[in-house]
């Protein structure tokens with residue numbers, strides 16, 4: 001009897017909202033606060049996912065740090081250092097995307113039932129997910145960035161450190177955003193294939209594997225839709241741009257690229273501007289607000305899921 005009453009609560013809220021002339025029973029801000037609180041509690045209680053993601057980022061950061069140890073200021077190892085920067089960006093994006101795919105699938109049934117019951121908007125749910133998972137994501141990304149940046153011997157200058165950290169944090173946030181979208185729109189089997197495949201396709205046009213000028217004319221427009229392109233150019237400008245002094249050279253014959261400008265020219269990225277690339281990279285994705293109904297989500301209905309938002313929202 002109690003279970004039946006709990007299942008009827010969302011319908012009662014929807015009817016009440018319609019009678020009052022509003023689409024939802026509460027304001028958007030109240031939806032956002034309640035959903036954020038619930039998501040934070042769910043993240044904290046899911047120790048396995050949180051700990052595994054954090055431990056995985058630290059382990060991968062230590063691995064990169066020891067493989068590319070102290071190469072950041074070595075003129076003979078500039079190509080290896082660019083590989084390190086590209087790997088760090090891609091790993092942050094992939095790890096955060098995978099974590100969100102798994103997390104979203106766990107909550108898909110609850111989300112479907114509550115959305116159909118008109119409990120809250122998709123935008124409120126989407127932004128609550130981004131906000132609630134931002135600080136765990138920031139902690140993990142900062143750990144990976146700090147380990148790789150200092151172990152690989154990148155320039156110890158405050159401006160360069162902050163600009164590099166901002167690029168890597170935004171790369172992780174993009175992975176989080178794409179993971180949420182993929183986890184909500186597709187089943188677990190499809191999302192775990194589609195999201196990494198999409199990221200790999202974007203990674204090909206980052207400018208690391210092939211120079212922009214060497215791309216076929218037909219494929220060049222894809223550069224402008226790849227966030228890795230803007231992220232890679234931004235972090236290269238942060239590390240090698242801004243009139244960086246001559247790199248250390250231990251063996252004269254091995255030092256082909258001795259200045260930051262020469263490194264950027266070698267990668268066909270001369271004349272780039274950090275803030276321009278940063279704004280270009282974030283603009284296409286900052287406008288993505290999920291306003292379509294989640295009709296394509298595949299999940300089994302949870303008989304008690306419809307009351308979860310009601311109980312948390314009124315507590």
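In the UniProt record's numbering, the protein residues as written are 1 to 315. Quick reminder that beta carbons are idealized off the backbone N, C-alpha and C, glycines included.
request  = Quick one: give me the first and last residue of the alpha helix (DSSP H) that residue 71 is part of.
outcome  = From DSSP, residue 71 is part of no alpha helix (DSSP H); its letter is neither H nor E.
query = Which of the three DSSP states, helix, strand or coil, is assigned to residue 248?
reply = strand
key: Own chain, CB closer than 7 Å to residue 263, minus 5 neighbours either side, in chain order   = 78, 240 and 257
request  = Identify the continuous alpha helix (DSSP H) that holds residue 236 and give its terminal residues.
outcome  = 227-240
task = Please determine if the stretch 194-206 and the stretch 96-103 are in contact, where contact requires at least 3 C-beta pairs separated by less than 8 Å.
result = yes
key: Contact under 7 Å by Cβ, residue 206 with residue 174   = no
ask   = Assuming residue 92 contacts residue 154 under a Cβ cut-off of 8 Å, what Cβ separation, rounded to an integer in Å, is found between them?
value = Not quite, the Cβ-Cβ distance comes to about 16 Å (not below 8 Å), so this is no contact.
message = Helix, strand or coil, according to DSSP, for residue 255 in the structure here?
response = coil
query = Rounded to a whole number of angstroms, what is the C-alpha to C-alpha distance between residue 216 and residue 73?
reply = 34 Å
ask   = How about the stretch 111-123 and the stretch 28-37: do they share at least three Cβ pairs that are nearer than 8 Å?
value = yes
ask   = Taking the Cβ atom as the reference point for each residue, do residue 148 and residue 65 lie within a distance shorter than 7 Å?
value = yes
message = Measuring only the C-alpha atoms, how far is residue 82 from residue 23?
response = 51 Å
ask   = Run through DSSP, which three-state label would residue 65 get?
value = helix
query = Looking at C-alpha atoms only, which residue of 114, 265, 190 and 139 is the closest neighbour of residue 35?
reply = 114
ask   = Taking just the CA atoms, how far does residue 255 sit from residue 242?
value = 21 Å
Neighbourhood of residue 129 by C-beta, 7 Å cutoff - its chain only, sequence neighbours within 5 removed = 39 and 180
task = Decide if residue 268 is buried, meaning its Cβ has at least 16 other Cβ atoms within 10 Å, or exposed.
result = exposed
Run of the alpha helix (DSSP H) containing residue 159, from where it starts to where it stops = 158-185
message = At the level of alpha carbons, what is the spacing between residue 165 and residue 183?
response = 27 Å
ask   = Nearest to residue 76 by alpha carbon, out of 272, 251 and 275?
value = 251
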